[in-house]
Amino acid sequence: MILVDTNILIDIASGDENWAEWSINALADAMSRGPLAINAIIHSEFSLGFSTEAACDAEIARFDLLFLDLPRAAGFRAGRAFRDYRRRGGARGSALPNFFIGAQASVLGVPILTRDLGRYRTYFPEVELVAP
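Written out as structure tokens, the structure reads:
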């Protein structure tokens, strides 16, 4: 299983001129490794580009993704990593979703397909990243 980060879905759905092709190919390669999944955090970030829940869910259905609940242990792990980030001078609110995503991948022992390497590498070095 591979957890698909929001930026990959946005690249494809928006036809991003810089990243859509890479993200489409990376998603196809990831599918050959096993099931792909998102969680409520990824779903909520992705939903910002849609006016209705139905439109968002229709777009997500194109990707044939599993929907994972966030394990309790991932919530704790995300909090600890975010605390460390804040102690190092990181911004207060904007980064927290990435900590939940990274913590879930860590707890489940699954890779993340992403273009956002920095925080994952720093705070979840044990997580395999499928990235450019």
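Position 21 of the sequence shown, counting from 1, maps to 21 under UniProt numbering, and the rest follow consecutively. Just so it is clear, CB atoms sit at the ideal spot from N, CA and C, and this is done for glycine as well. The model shown is predicted, which means the values in this text are computed figures rather than measured ones.
Spatial distance of residue i from residue j (CA atoms)
i: Thr52; j: Phe46; result: 12 Å
i: Leu117; j: Ser23; result: 14 Å
i: Asp11; j: Ser44; result: 16 Å
i: Pro35; j: Leu27; result: 11 Å
i: Ser14; j: Ala20; result: 8 Å
i: Phe63; j: Asp57; result: 10 Å
i: Met31; j: Ala61; result: 14 Å
i: residue 144; j: Ala78; result: Any property of residue 144 remains undetermined from this structure, which presents the chain solely from 1 to 132.
i: Met1; j: Leu68; result: 11 Å
i: Gly89; j: Ala105; result: 24 Å
i: Phe50; j: Leu96; result: 22 Å
i: Ile112; j: Asp29; result: 13 Å
i: Arg80; j: Asn18; result: 34 Å
Sub-7 Å separation of residue i and residue j beta-carbons
i: Phe76; j: Phe99; result: no
i: Leu3; j: Val130; result: no
i: Ala73; j: Val127; result: no
i: Ala37; j: Leu66; result: yes
i: Arg115; j: Asn7; result: yes
Near the ligand NAD: residue i beta-carbon under 6 Å from a heavy atom
i: Ile41; result: The ligand content of the structure shown is nil, which means the ligand NAD is not present either.
Buried versus exposed call for residue i [16 or more other C-beta atoms within 10 Å across all chains shown]
i: Leu9; result: buried
i: Asp5; result: buried
i: Gly102; result: buried
i: Leu48; result: exposed
i: Ala54; result: exposed
- Query: What runs of the alpha helix (DSSP H), each 4 residues or longer, lie entirely inside the UniProt domain "PIN" (2-122)?
  - Reply: 6-14, 20-33, 40-47, 53-61, 72-87 and 96-108
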